[in-house]
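First up is the structure itself, then whatever we jot down about it.
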Amino acid sequence: ALTGEGVPELLELIILQADIMDLKADPRGELKGTVVEAKLEKGRGPVATLRIEEGTLKSGDNLVVGQTFGRIKAMTDFRGEKMNEAGPSAPVEILGLSEVPAAGDKIEFFADERTARVEAESRISKARAKEFTNGGRGMTLRDLRSRMQDDGIKNLNLIIKADVHGSVEAVKGMLEKVKNDEVETKIILSGVGQITKADIDLAAASDSIVVGFNARADGEAKKEAEKRKVEIRTYSIIYELIEDIEAAVKGMLAPKFEEQELGEAEIRMRLQFSKKGIVAGSYITEGKITRNAKVRIYRGKELVHEGEVATLKHFKDDVREMTMGQECGITFNNWEDFQEGDRVEAYEMVQINA
Numbered sequence: 590a591l592t593g594e595g596v597p598e599l600l601e602l603i604i605l606q607a608d609i610m611d612l613k614a615d616p617r618g619e620l621k622g623t624v625v626e627a628k629l630e631k632g633r634g635p636v637a638t639l640r641i642e643e644g645t646l647k648s649g650d651n652l653v654v655g656q657t658f659g660r661i662k663a664m665t666d667f668r669g670e671k672m673n674e675a676g677p678s679a680p681v682e683i684l685g686l687s688e689v690p691a692a693g694d695k696i697e698f699f700a701d702e703r704t705a706r707v708e709a710e711s712r713i714s715k716a717r718a719k720e721f722t723n724g725g726r727g728m729t730l731r732d733l734r735s736r737m738q739d740d741g742i743k744n745l746n747l748i749i750k751a752d753v754h755g756s757v758e759a760v761k762g763m764l765e766k767v768k769n770d771e772v773e774t775k776i777i778l779s780g781v782g783q784i785t786k787a788d789i790d791l792a793a794a795s796d797s798i799v800v801g802f803n804a805r806a807d808g809e810a811k812k813e814a815e816k817r818k819v820e821i822r823t824y825s826i827i828y829e830l831i832e833d834i835e836a837a838v839k840g841m842l843a844p845k846f847e848e849q850e851l852g853e854a855e856i857r858m859r860l861q862f863s864k865k866g867i868v869a870g871s872y873i874t875e876g877k878i879t880r881n882a883k884v885r886i887y888r889g890k891e892l893v894h895e896g897e898v899a900t901l902k903h904f905k906d907d908v909r910e911m912t913m914g915q916e917c918g919i920t921f922n923n924w925e926d927f928q929e930g931d932r933v934e935a936y937e938m939v940q941i942n943a
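As numbered in the numbering used here, residues 590 to 943 make up the sequence shown, in order.
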């Protein structure tokens, strides 16, 4: 192939074999074709090179190509010259598809663009649902959740529907940035049009939230969502959509806490009470001590106990807190081995990503 040696002979053999096998294609038949290659070009969008196998492709035709769709805006031949139609065996480059198809995808003619779009979205939904149920790696929702836990990463799965393609891309671009070290958004499906039952089926299979931007759910979709407990959120302002998703991501974070110091006390005597047991007669030297506070007890520099304050008394009264300069009685949960001179450090754990 690099030198061209033997190519003429090969072509002659191919033509001869075609004659012997009586291979023919009807330019008036049902349109059939295959994607040879496809790419995304700046300023032109998705560009696909097709091989027409049956029928005739015309500029303005509405196609479904694999899982994408579109109305042909322009056609060119292998020399880059404009064409209005292409028959069998003709390679043709087309513009107008909504996404870049895959090599090997088959083309199918539809009467109007709306029907083509619905068919393409249905194919996508079925493929995604199959992936999450009995296809792909055989992952189930239980598997997905356990992997999320094992990997330490959580996904907020989303299905996005919008009124126009430009809105879909804008929403996708902004949502893909909504993530942090623990949680990230994962867009399972995006498309143009109203929210359908197929979207709900996919959402149920993939544990997703359905998000509509200037797109509503049809009656069948609403019934299915209620039945299968799928959440649908619709918006007309993009920043409200982003704020809600950011809040959802924040809500999925595992709680994080940090230690906040409360105060210190010195145990000055051990007091024996029949009902309360042994009480630590104490003096608050810094900050405050609160009931149920977490504590560390030090004897000199040695840590002798970690636990919690059980009760806090001022004379005979139970109190919630005592502050610096006050004297009080303290009991600790399941621990009475304190001594005079022990130092009490009190603290609490405060959630920092609430």
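Ideal Cβ positions, reconstructed from N, Cα and C, are used throughout, including at glycine.
Tell me whether Ala-882 is buried or exposed, calling it buried when 16 or more other Cβ atoms sit within 10 Å of its Cβ.
-> buried
Please name the residue or residues paired with Leu-646 in a DSSP beta bridge.
-> Ala-675
Name the DSSP beta bridge partners of Arg-660, please?
-> Asn-651
Just grab the DSSP bridge partners of Asn-746 for me.
-> Lys-775, Ser-797
Taking only the alpha-carbon atoms, compute the straight-line gap between Ile-826 and Asn-922 and give it to the nearest angstrom.
-> 53 Å
Which residue comes first and which comes last in the beta strand (DSSP E) that contains Gly-876?
-> 866-879
For Gln-861, which residues does DSSP report across the bridge?
-> Ile-867
Does the Cβ-Cβ distance between Gly-579 and Ile-821 come in under 8 Å?
-> Summary: the structure shown does not reach residue 579, with the chain confined to residues 590 through 943, and so no result is reported for it.
Can you give me the Cβ contacts of Ala-675 inside the same chain, cut-off strictly under 6 Å, excluding the 5 residues immediately before and after it?
-> Ile-641, Leu-646, Val-681
Whole angstroms is fine: what's the gap from Lys-877's alpha carbon to Glu-850's?
-> 9 Å
Helix, strand or coil for Gly-930 per DSSP?
-> coil
Ignore the nearest five residues each way along the sequence and tell me which others in Thr-729's own chain have a CB closer than 7 Å to its CB.
-> Any reading at Thr-729 needs caution, since the residue's pLDDT is 36, under 50, leaving its predicted position unreliable; the model's value is listed next. Excluding residues within five positions, none has a Cβ falling inside 7 Å.
Thinking C-beta only, is Ala-814 closer than 8 Å to Ile-789?
-> yes
Thinking Asn-803 and Ile-777 are a contact (beta carbons under 8 Å), I'd like their distance in whole angstroms, please.
-> That belief does not hold up - the Cβ atoms of Asn-803 and Ile-777 are roughly 20 Å apart, past 8 Å.
Would you kindly report the start and end of the unbroken beta strand (DSSP E) that includes Ala-899?
-> 891-903
Given that a residue counts as buried once 16 or more other Cβ atoms are within 10 Å of its Cβ, and exposed if not, what is Glu-910?
-> buried
Could you give the distance in angstroms between the alpha-carbon of Glu-835 and the alpha-carbon of Ile-683?
-> 39 Å
Backbone secondary structure at Ala-792 - three-state DSSP = helix
Apart from the five residues on each side of it in sequence, which residues of its chain come closer than 7 Å, Cβ to Cβ, to Phe-667?
-> Pro-680
Compare the beta carbon distance of Ala-544 and Phe-658 with 8 Å and say whether it is the shorter of the two.
-> Because the chain is modelled from 590 through 943, residue 544 falls outside the range shown and cannot be assessed.
Grab the span of the beta strand (DSSP E) containing Gly-918 for me, first residue to last.
-> 916-921
Residue closest to Ser-687, alpha-carbon to alpha-carbon, out of Lys-621, Arg-703, Leu-860, Glu-937 | Arg-703
With a cut-off of 8 Å on the beta carbons, I'd call Val-908 and Glu-897 a contact; round off their distance for me.
-> That pair is no contact at about 16 Å.
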